[in-house]
Amino acid sequence: MILTVTLNTALDITYRTPRLVPHATHRVSEVIERPGGKGLNVARVLAALGHETVVTGFAGGRTGDVLRELLPNAPDPRGSSASGFVSVDTPGSFAPPVDALVPIAGATRRTVAVVDETTGDTTQLNEPGPVVSPAEWAAFLARYEELLAVADAVALCGSLPPGIHVGAYADLVRAARGAGVPVLLDTSGEPLRRGIAARPDLVKPNADELARLTGSREPLRATRDARRRGAHAVVASLGPDGV
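This is the structure we're talking about:
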């Protein structure tokens with residue numbers, strides 16, 4: 748089983764409109780809602796590739812309820828244009844990720860994308876995440892330790908919501924390593940800097956995140972620096988230049 752952790756889950760809402768014009772009223776041609784957050788996206792792709800996946804993190808409020816309702820019925824990423832994923836060609840039926848999210852009092856954030864169908868441009872609006880209380884964080888840690896006991900690998904993905912200390916990913920990396928579970932870290936900024944020092948097996952920054960971490964925009968030099976900081980391996984996404 749592959750465990751993905753999304754501490755700052757989101758309900759992704761996409762509006763498509765024929766043309767986005769400032770200061771104008773728009774008719775929407777299509778509305779799409781789906782569970783969002785890096786770890787949930789990773790889990791759906793892994794599930795489509797035939798892997799057993801479990802998702803954990805936080806969900807709360809009405810938006811959290813909707814996210815959890817949608818999770819079992821999320822679009823199969825294989826060839827689904829509505830899903831927002833590149834098509835993957837794999838045999839077999841699509842089994843969605845298993846929901847092991849931890850409930851919280853605060854409402855899960857929304858991310859709103861407005862797509863201009865004429866130009867193909869997307870305008871993105873991201874709400875802040877809910878505040879996570881110390882008791883809710885403790886409940887998550889208990890769930891995480893339970894899941895590590897049966898996980899073959901874990902992916903720690905995305906930003907941290909308010910209320911969670913900046914070294915949280917470092918703690919989660921150390922817990923995975925202590926349990927003998929390979930761990931991937933995909934985050935940015937100070938959580939990445941602290942997390943990488945805990946020696947994850949793999950980090951996956953994009954070019955900007957890697958440059959902010961190392962101070963270098965030369966990919967090979969920056970990758971070597973990231974490994975010296977603690978990562979066993981680095982896969983950097985470089986936009987149109989690939990990885």
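With the numbering used here, you'll find the sequence shown wraps up at 990, consecutive numbering, no jumps. Using N, Cα and C, we set each Cβ at its ideal position, and we do this for glycine too.
- Judged by beta-carbon spacing, V928 lies within the 7 Å limit of A898, meaning their Cβ atoms are closer than that value.
- Put simply, of H773, R890, L767, F805 the residue whose alpha carbon is nearest the alpha carbon of L758 is F805.
- Boundaries around L872 are those of the beta strand (DSSP E), 869-873, since no alpha helix (DSSP H) includes it.
- Contact between the segment 750-770 and the segment 855-868 is present: 3 or more CB-CB pairs across the two stretches fall below 8 Å.
- By alpha-carbon distance to L787, the top candidate from V801, F887, V768, A915 is V801.
- Shown here for A900: same chain residues with a beta carbon closer than 8 Å to its own, the five before and five after excluded, namely I749, L750, V928, P929, V930, L931 in chain order.
- Annotated three-state conformation of A854 is coil, per DSSP.
- For the pair of segments examined, the segment 813-822 was found not to touch the segment 929-949: the number of CB pairs separated by less than 8 Å stays below three.
- In the three-state DSSP reduction, P909 falls in the coil class, being neither helix nor strand.
- About 6 Å separates the beta carbons of C904 and V789, which is inside the 8 Å limit, making them a contact pair.
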